[in-house]
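**Student:**
Number of protein chains: 2
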Amino acid sequence: MQANLRLGLAGLGTVGVSVMRLLAKHGDELAERCGRRVQVRSVCARDRSRDRGVDLAGVNWFQDPVKLAQDPNIDVFVELMGGAGGAAEASVRAALNAGKHVVTANKALLAAHGVELARLAEERGVSLNFEAAVAGGIPIIKTLREALAGNQVSRVAGILNGTCNYMLTRMEKEGLSFDACLAEAQRLGYAEADPSFDIDGHDTAHKLALLASLAFGTEINAAPDALRVEGITRITSADIQAADELGYRIKLLGIAEKTAAGVEQRVHPTMVPKSSAIARIDGVINAVAIDADFVNKLLLVGPGAGGDATASSVVGDIADIARGTWLTTMGRPATKMKPSVPPNAASVAAGFFVRLAVFDRPGAFAAIATRMAERAISLESIVQRARAPRADAPTAHDKIAPQPVILITYETTEAELKGALDQILADGHVAEMPRYIRIETF
Amino acid sequence: MQANLRLGLAGLGTVGVSVMRLLAKHGDELAERCGRRVQVRSVCARDRSRDRGVDLAGVNWFQDPVKLAQDPNIDVFVELMGGAGGAAEASVRAALNAGKHVVTANKALLAAHGVELARLAEERGVSLNFEAAVAGGIPIIKTLREALAGNQVSRVAGILNGTCNYMLTRMEKEGLSFDACLAEAQRLGYAEADPSFDIDGHDTAHKLALLASLAFGTEINAAPDALRVEGITRITSADIQAADELGYRIKLLGIAEKTAAGVEQRVHPTMVPKSSAIARIDGVINAVAIDADFVNKLLLVGPGAGGDATASSVVGDIADIARGTWLTTMGRPATKMKPSVPPNAASVAAGFFVRLAVFDRPGAFAAIATRMAERAISLESIVQRARAPRADAPTAHDKIAPQPVILITYETTEAELKGALDQILADGHVAEMPRYIRIETF
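The structure is reproduced here in structure tokens:
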């Protein structure tokens, strides 16, 4: 058996402790699988005195993660601190410069500096593995980087944030409001005290940028002009209910799609047909769907977060290093990655769900339909419910009070739809700018 | 860039031709990913004159696959002929003995000789990769062998045969009989002229034996005393309809489960709750569900067959070799694999669906319930429909004509259930040995 593979582990939060527990529990088995033992040699964490329930006897403590990263007694630096810059960035750079392999769960760091760090890793001939950075325990990095090496991917789309999926599931199943769901998710520990990073879609965006780079061989690009992000804060129970009636569910998806003009990356609430497998992913679970030319369609489903599931991916990455596997970070040389050129916004055609607050006046509906027709937008469904009769006689006010109308369009572009809706608003037939949600088929 | 990786490809059927097409279409991209070009140097197929629509100019032809396997001009032998022995076995052995890497899609060969071939590959320091042998384009081998290296797996269960899943789906959705579905599947090319290998469950069994070995570190064992196999030929529309009414679907699953007494491997029609993701895998699609201690639950869904999807996996295996990745065949040294000791049959507790043809006589039902209670089998549901009233008056004959009763039991063992049903039959209250189908939860 070869010499031990020695780890330096920076960050002893939930994931770090799970990694320690896993190595303690399955160390013998892992050694048999890898042909060598994996050993935590050094750690770094804020509070040394805290009892974490794991045995740290014989492990070296560092105050400074950069010093830990340079420890001559470690072979692999495991970064579990988080953060796009600061100590995480400095220590990962230091480790790579010192010729150490790096395993990280840090999506923010890679979304910001991934290409540069990949180049550095390749120059030094070490691994930079990050399975845990996207979709927790799901082996999506390995699948895109290795298993699908023979495919040209056309789309990768996923439920990449468990908090948002939990909330949307609860809103749908229990008819709860957005605010009630958020409070519940916070109480259960699924959402942070400041939930904006999750519910505004930025967490999903970081993960999507990594998946897009792996899928399409383009540089990681999470800049706002290359990756449109819309969170779930504007989704209402009414949207969810209307979607349900029309055979759809609303999911927050990160979608990267290859178009003739470039790679389109977007994060937004999406209508998915109820019959699709991805529509049925409930709760804090994540799922990633891949469309590729030879394999056709793959779907991977599993836990997107949690200490143990994330530790499973971290240790999978460590096992690859222990077994002597070396791959380029993004599945091809970082120097050969193509620039990520965003196409014109909304170039990919899709159907849309549109919710309008229409003034109930003669001709209103004809005028709306005409504006759609002018831009060659055909309608697949129209749902307009008669209001419940009122006890009092109709008044002039009642006649012009807006009533909800739901449209499902056939394929069009977002630019055409937005143009039509702008004109409908200008015509004065609707009370507010109509809401629309893109439909994605699987 | 390193020297080309030179392939010798034995078998130019659907999969072989797809591999050639893939390499022609994505050769440049693959070379960039792997740092070297992958080149088909030699091939072997029965009929040299047939036009396969792929360019074979400059490729060496061999009559004998064993000679191809020993060709000094190849680095990797790609076996796509099939068959548990014969030319496939002889040529794979020859390739390994000659120090060539082997990539194969041949589940039957590995189910029969996998441990021995793995040892041989490890002695020679070459790869024996077989992603395409199980679940077509789904990267399940890579997931179990690499990504989940840090986990202890407790169960792996899958829809591993597209033909059977297509037939069960059609029986359910269209109410077709088994025979009508089989004829349709044959017409569409989803089932062979002799379908017994698929519908009797043996194809699933071979794949399951490979998954079980990877999951549990035991030697591959597809012998009848270690792997119980029951196909779908006895499933009727009545079973499917009764399952549907009780909230279940019937799927042919291969299930390997770790028990205190050993690894239980079984292939049989299984009732799965409609709410589970695996229940919703329709048509020729495959799916594999893994339960493991750190990742908890993973589900992988994708095409289980077809030339292109299988080629995707074959080329993924080739890419690993091109990139210099070397792993033991079954994820740990073949010399360290534990013997596969089958536990006592039916030791894992489960709920069961039971269909009885009960004679409509006073006391019959009480007697049946008593036999169940004697073996501590509790009943979760009982469905007994009143028969439609008949125009003619009840006769003695009518009174004793059997009527269908469906029971769903709580957890028990198959041995206890079978004991109770044997007694119920002996008591004379049922017209035939009751049918039962195991319930599996996900």
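From first to last, the protein sequence lines are chains A and B.
Numbering-wise (our numbering), the first sequence opens with residue 955 and increments by one.
Numbering-wise (our numbering), the second sequence opens with residue 955 and increments by one.
From the three backbone atoms N, C-alpha and C, an ideal C-beta is built for every residue, glycine too.
Quick check on residue 1099/B: does DSSP put it in helix, strand or coil?
**Tutor:** Residue 1099/B falls in the helix class under three-state DSSP.
**Student:** For residue 957/B, which option in 963/B, 974/B, 992/B and 965/B has the closest C-alpha, if you only look at C-alpha atoms?
**Tutor:** The candidate whose alpha carbon is nearest that of residue 957/B is 992/B.
**Student:** I'd like the ranges of any beta strand (DSSP E) spanning at least 3 consecutive residues and lying wholly in the stretch 1202-1231 of chain B.
**Tutor:** Counting only runs of 3 or more, we get 1202-1213 and 1216-1227.
**Student:** Using beta-carbon positions only, say whether residue 1103/B and residue 987/A come within less than 8 Å of one another.
**Tutor:** It is a contact, given that the beta carbons lie within the stated cut-off.
**Student:** Would you tell me roughly how many angstroms separate the C-alpha atoms of residue 1259/A and residue 1114/A, rounded to the nearest one?
**Tutor:** Using only the alpha carbons, I get a separation of about 10 Å.
**Student:** Would you give the residue range spanned by the beta strand (DSSP E) that residue 1058/B belongs to?
**Tutor:** Looking at the DSSP string, the run of the beta strand (DSSP E) that includes residue 1058/B is 1055-1058.
**Student:** So with Cβ pairs under 8 Å, would you call residue 1191/B a contact of chain A?
**Tutor:** So no, residue 1191/B is outside the interface.
**Student:** Taking only the alpha-carbon atoms, compute the straight-line gap between residue 1095/B and residue 1059/A and give it to the nearest angstrom.
**Tutor:** Each residue's alpha carbon lies about 24 Å from the other.
**Student:** Can you tell me the Cα-Cα spacing of residue 1048/B and residue 1280/B, whole angstroms?
**Tutor:** So the two alpha carbons sit approximately 20 Å from each other.
**Student:** In whole angstroms, give me the CA-to-CA distance for residue 966/A and residue 997/A.
**Tutor:** Taking the straight line joining both Cα atoms gives about 8 Å.
**Student:** Which residues in the same chain as residue 1235/B place their Cβ atom closer than 8 Å to its Cβ, once the five residues preceding and following it in sequence are excluded?
**Tutor:** The answer, listed in chain order, is 1113, 1119, 1205, 1241 and 1255.
**Student:** How far does the alpha helix (DSSP H) with residue 1120/A in it extend, from its first residue to its last?
**Tutor:** Residue 1120/A -> alpha helix (DSSP H) spans 1116-1128.
**Student:** Roughly how many angstroms lie between the CA atoms of residue 1285/B and residue 1063/B, to the nearest whole one?
**Tutor:** If you take the alpha carbons of residue 1285/B and residue 1063/B, they lie about 18 Å apart.
**Student:** By Cβ distance below 6 Å, which residues in the same chain neighbour residue 1271/B in space, the five residues on each side in sequence not counted?
**Tutor:** Same-chain partners within the cutoff: 1057, 1083 and 1085.
**Student:** Strictly under 8 Å for the Cβ-Cβ distance: is residue 1262/B near chain A by that measure?
**Tutor:** Yes - at least one Cβ of chain A is within 8 Å of the one on residue 1262/B.
**Student:** Check whether the Cβ atoms of residue 1371/B and residue 1336/B sit closer than 8 Å, and answer yes or no.
**Tutor:** In this structure, residue 1336/B does not lie closer than 8 Å to residue 1371/B by Cβ.
**Student:** How would you list, in chain order, the residues of chain B whose beta-carbon sits under 9 Å from the beta-carbon of residue 1250/A?
**Tutor:** Neighbours of residue 1250/A on chain B, chain order: 1091, 1256, 1257, 1260, 1262, 1263 and 1266.
**Student:** Could you tell me how far apart the beta carbons of residue 971/A and residue 1002/A are, in whole angstroms, since I believe they sit closer than 8 Å?
**Tutor:** Between residue 1002/A and residue 971/A the Cβ distance is about 14 Å, and since that is not below 8 Å, they are no contact.
**Student:** Given residue 1035/A, which residues of its chain have a CB within under 7 Å of its CB, disregarding the five upstream and five downstream residues?
**Tutor:** Excluding positions up to five away in sequence, the list reads 964, 965, 1019, 1041 and 1042.
**Student:** Taking the beta carbon of residue 1017/B as the centre, do at least 16 other beta carbons fall within 10 Å, making it buried, or is it exposed?
**Tutor:** By the 10 Å Cβ count, residue 1017/B comes out exposed.
**Student:** Which residues in chain A have a C-beta closer than 9 Å to the C-beta of residue 1100/B? List them in chain order.
**Tutor:** The answer, in chain order, is 1093, 1096, 1100, 1270, 1273, 1274, 1277 and 1279.
**Student:** Does the Cβ of residue 962/A have 16 or more other Cβ atoms within 10 Å, making it buried, or fewer, making it exposed?
**Tutor:** Per the 10 Å Cβ criterion, buried.
**Student:** Using only alpha-carbon positions, find the residue among 1388/B, 1334/B and 1249/B that is nearest to residue 976/A.
**Tutor:** Looking at the Cα atoms, 1249/B is the closest of the given residues.
**Student:** Between residue 1292/B and chain A, is any beta-carbon pair separated by less than 8 Å?
**Tutor:** By this cut-off, residue 1292/B is not an interface position.
**Student:** According to DSSP, is residue 1260/B helix, strand or coil?
**Tutor:** Here residue 1260/B sits in coil by DSSP.
**Student:** Could you tell me which residues DSSP puts in a beta bridge with residue 1080/A?
**Tutor:** Answer is none; residue 1080/A lacks a bridge partner.
**Student:** With 8 Å set as the bound, which would you pick, yes or no: does the beta-carbon of residue 1083/A sit closer than that to a beta-carbon of chain B?
**Tutor:** By this cut-off, residue 1083/A is not an interface position.
**Student:** Report yes if the C-beta distance between residue 1089/A and residue 1021/A is below 8 Å; otherwise report no.
**Tutor:** No, these two residues do not count as a Cβ contact at 8 Å.
**Student:** Does any residue of chain B bring its CB to less than 8 Å from the CB of residue 1105/A?
**Tutor:** Judged by the 8 Å Cβ criterion, residue 1105/A is in contact with chain B.
**Student:** Output the distance between the C-alpha atoms of residue 1352/A and residue 1155/A, rounded to the nearest integer angstrom.
**Tutor:** Residue placement at residue 1352/A is flagged as unreliable, the pLDDT there being 49, under the threshold of 50; the coordinate-derived value follows with that caveat. Cα to Cα, the separation comes out at about 39 Å.
**Student:** Quick one: what does DSSP say residue 1370/B is sitting in, helix, strand or coil?
**Tutor:** It is helical.
**Student:** Mapping DSSP to helix, strand and coil, what is residue 1140/B?
**Tutor:** DSSP places residue 1140/B in helix when its eight states are reduced to three.
**Student:** When Cβ atoms are compared, which residues of the stretch 1010-1040 of chain B fall closer than 9 Å to chain A?
**Tutor:** Those would be none; no residue qualifies.
**Student:** Between residue 1356/A and residue 1312/A, is the Cβ-Cβ spacing less than 8 Å?
**Tutor:** It is a contact, given that the beta carbons lie within the stated cut-off.
**Student:** According to DSSP, what are the bridge partners of residue 1358/A?
**Tutor:** DSSP lists 1311/A as partners of residue 1358/A.
**Student:** Per DSSP, which one or two residues make a beta bridge with residue 959/B?
**Tutor:** Residue 959/B is bridged to 992/B.
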